[in-house]
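This report concerns only the one structure given below.
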Amino acid sequence: MVWSNFSTQCQRYLWQGWKWGKRLAIGLPQSLLLMVIAIAFWINLPSIALARTDTPATTSIQPYLERVIQQITQFRLDNGLQFIVLERHEAPVISFVTYTDVGGADEPEGKTGIAHFLEHLAFKGTTIIGTKDYQAEKPLLDKLDRLSGQIKAATQSQNQTEAAKLQAEFTQVEAQAAQLVNQNEFGQIVQQAGGVGLNAQTSADATIYFYSFPSNKLELWMSLESERFLDPVFREFYKEQQVILEERRMRTDNSPIGKTIEAFLDKAFQIHPYRRPVIGYDKDIRNLTRADVQEFFETHYVPSKITIAIVGDINPTEVKKLAEIYFGRYPAKPTPPEINIIEPPQTETKEITLKLPSQPWYLEGYHRPSINDPDRVVYDTIASLLSDGRTSRLYKSLVQEKQIALSATGASGFPGDKHPNLILLYALTAPGHTVEELATVLHSEIERLKTEPISKEELDRVKTQSRAALLRALDSNMGMARNLVEYQVKTGDWRNLFNELEAINAVTPADIQRVAQATFTPENRTIGRILPE
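For the sequence shown, the residue numbers in the numbering used here are 12 to 544.
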């Protein structure tokens with residue numbers, strides 16, 4: 012689910028993919044592992060043509076978007092839960108995205124990974140779904156919690172005999188509880204009703220749950236989705252705890268790039284929660300309790316922090332009627348405070364170097380503002396210009412011309428973009444070359460961006476790629492739903508999604524040079540290196 016599916020997911024990490032794919036998914040440091048697998052690190056989507064049979068050509072984009080906007084309905088229930096509904100009657104299918112405005116950055120210190128943990132547990136069912144007899148199951152779940160606490164206490168006091176005795180009892184009770192579980196019943200109900208794409212993902216900024224149904228299953232979705240957040244049972248907690256620990260071992264502890272990204276973020280951010288891994292630290296994951304997850308759920312999964320996007324073959328009037336019936340049952344609760352931690356300006360270059368069993372990597376990050384900054388599209392354009400695909404400056408220079416790197420790419424809005432974040436650039440050295448060589452050429456490309464105005468032809472190419480990436484993200488019901496809901500939550504208005512095309516077109520060579528000169532300074536830079544062990 013995230014880290015299980017999260018890069019199962021990581022499912023869209025890095026630049027265009029990071030920017031638009033991220034709006035389709037999450038971003039998390041551990042996903043960088045995918046770079047090793049496919050050099051897409053959290054994404055490196057190829058550019059696509061604007062003129063397609065199923066995507067409007069450049070000259071017809073605006074009329075197309077205006078038609079889309081006219082088909083969007085927005086409403087808020089009395090308890091604060093918000094809906095965005097887009098009618099699309101091309102096919103009898105509906106896509107659903109439940110966006111909870113809480114991610115890894117919202118976690119309390121010492122309880123990292125809890126947002127992702129909760130995402131896993133949200134598939135375990137309710138007092139009705141996922142159990143054969145909840146009245147018999149509940150006392151066993153409570154007993155497991157007590158035994159777990161006793162085992163920790165005995166272990167800390169180094170009473171190994173008592174700890175072993177308690178562990179044996181814990182194993183027995185866990186087996187009894189497992190006999191009462193209907194495994195994956197939630198997923199089976201969805202699948203049997205024709206649902207597809209059931210999944211979720213956690214990022215630094217949010218946790219989203221999504222899948223699609225045939226259009227005649229709207230009320231079934233309303234029932235299932237409302238129940239799992241109205242009446243959740245966090246069963247199989249200790250089993251999932253081990254699953255998540257294994258995810259962390261695979262994607263971070265045993266992954267050179269994953270381990271480096273974790274250290275890199277901890278160095279780049281001094282106090283902001285973006286410095287922490289979304290999957291959580293090993294110690295924190297081990298010490299989390301079911302009570303911790305319950306408290307986090309009750310604090311953050313409140314109606315005012317949940318926004319739902321529904322796109323497809325639906326009637327908005329029917330959606331509103333059913334939403335009031337099913338989601339209107341949620342009691343209104345106080346909205347948790349927003350993150351008010353402000354990262355202080357960086358005043359000098361920061362560096363981390365890890366010696367690991369890996370080909371050398373070079374990483375370089377620069378602080379940039381959040382998604383709501385007026386220059387956000389300029390930052391994204393710069394990242395695309397430098398590191399998006401085979402036509403980018405870094406790829407052509409490092410990989411094709413000088414042949415000192417096997418890959419060179421980057422991301423903007425890393426590890427999230429709700430708060431001030433990073434532009435990240437990184438490259439994998441080619442055999443026989445060093446990270447110092449990479450750094451020298453990378454810096455020369457950055458200096459060229461600061462001192463030489465970009466040509467109209469090159470800027471137009473990057474703009475075309477950005478527009479194409481946006482249109483591609485809007486090409487499906489699910490892509491549209493994810494983008495609408497993210498722009499609504501992060502910028503305050505889903506209409507800002509459709510303003511992106513104008514904002515992209517408005518970027519000038521002077522904007523590129525101005526922002527590059529302000530951003531790419533030694534004092535704003537963090538460097539990461541992986542050197543062979």
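The C-beta atom is built at its ideal place from N, Cα and C for all residues, glycine as well.
Residue burial is scored here from C-beta neighbours: Ile541 has at least 16 other C-beta atoms within 10 angstroms and is therefore classed as buried. With the rule of 3 Cβ pairs closer than 8 Å, the region 105-123 counts as touching the region 312-321.
Taking the Cα of Arg459 as reference, the smallest distance to any Cα among Thr364, Gln524, Gln161 and Gln212 is reached at Gln524.
Closest in alpha carbon position to Pro385, among Val473, Ile350, Glu513 and Asp399, is Glu513. Thr213 carries a strand assignment under DSSP once its states are collapsed to helix, strand and coil. The beta strand (DSSP E) runs of length 3 or more contained entirely in the region 403-464 are, from start to end of the chain, 416-425 and 432-440. For the set Ile296, Asn195 and Arg259, the Cα lying nearest the Cα of Lys122 is the one of Ile296. The region 349-414 is shown to contain whole alpha helix (DSSP H) runs of 4 or more residues at 387-398, in chain order. In this structure, DSSP gives Gly539 an extended state, which the three-state scheme calls strand. Of the other Cβ atoms in all chains shown, 16 or more fall within 10 Å of the Cβ of Gln93; this residue is therefore buried. Annotation: the region 189-273 contains the following complete segments of the alpha helix (DSSP H) (minimum length 4 residues), in chain order: 196-203, 229-241 and 248-259. Rounded to the nearest angstrom, the gap between the Cα atoms of Ala343 and Asp242 is 15 Å. Per DSSP, Val330 lies in no beta strand (DSSP E) segment; the continuous alpha helix (DSSP H) that holds it begins and ends at Pro327 to Tyr337. Checking the DSSP bridge columns, you'll see Ile317 partnered with Thr111. Contact between Lys135 and Val244 holds, since their C-beta atoms are separated by about 6 Å, short of 8 Å. For Ile83, the uninterrupted beta strand (DSSP E) segment begins and ends at Ile83 to Arg87.
According to the DSSP secondary-structure assignment, Ser106 is paired through a beta bridge with Ser223 and Val322. Take Arg287, set aside five residues on each side of it, and the residues of its chain with a beta-carbon closer than 7 Å to its own are Gly115 and Thr123, in chain order.
Counted as a single uninterrupted DSSP element, the beta strand (DSSP E) harbouring Gln93 occupies residues Gln93 to Glu98. Of the residues assessed, Ser168 falls on the exposed side of the cut-off, its CB having fewer than 16 other CB atoms within 10 angstroms. Taking Ala438 as the centre and dropping the five residues before and after it, the same chain places the C-beta of Tyr373, Leu409, Ala416, Ala419 and Leu449 closer than 6 Å to its C-beta, in chain order. Assignment of Thr137 by DSSP, reduced to helix, strand and coil, places it in the strand class. Boundaries of the alpha helix (DSSP H) around Lys294: Asp293 to Asn298. Taken in chain order, the complete alpha helix (DSSP H) segments of 4 residues or longer contained in the region 461-520 are 467-484, 488-502 and 507-517. Counting along the chain, the unbroken alpha helix (DSSP H) around Gly160 starts and ends at Tyr145 to Gln167. Residue burial is scored here from C-beta neighbours: His131 has at least 16 other C-beta atoms within 10 angstroms and is therefore classed as buried. For Val304, the enclosing alpha helix (DSSP H) starts and ends at Arg301 to His311. Residue nearest to Thr271 within the set Thr519, Ile350, Tyr498 and Leu367 is Leu367 (criterion: CA-CA distance).
Contact between Leu231 and Ala204 holds, since their C-beta atoms are separated by about 6 Å, short of 8 Å. Leaving aside the five residues that flank Ile162 on each side, the residues in its chain whose CB is nearer than 8 Å to its CB run, in chain order, Ala174, Leu177, Gln178 and Phe181.
Cβ-Cβ separation between Leu435 and Leu405: approximately 12 Å, too far for a contact (criterion under 8 Å). For His127, the uninterrupted alpha helix (DSSP H) run begins and ends at Ile125 to Leu132, by DSSP.
Of Arg478, Gly443 and Ala217, the smallest CA-CA separation from Ala126 is found for Ala217.
Residue environment analysis places Pro284 among the buried positions, since at least 16 neighbouring C-beta atoms fall within 10 angstroms of its C-beta. Sixteen is the threshold: when 16 or more other Cβ atoms of the shown chains lie within 10 Å of the Cβ of Pro426, as they do, the residue is buried.
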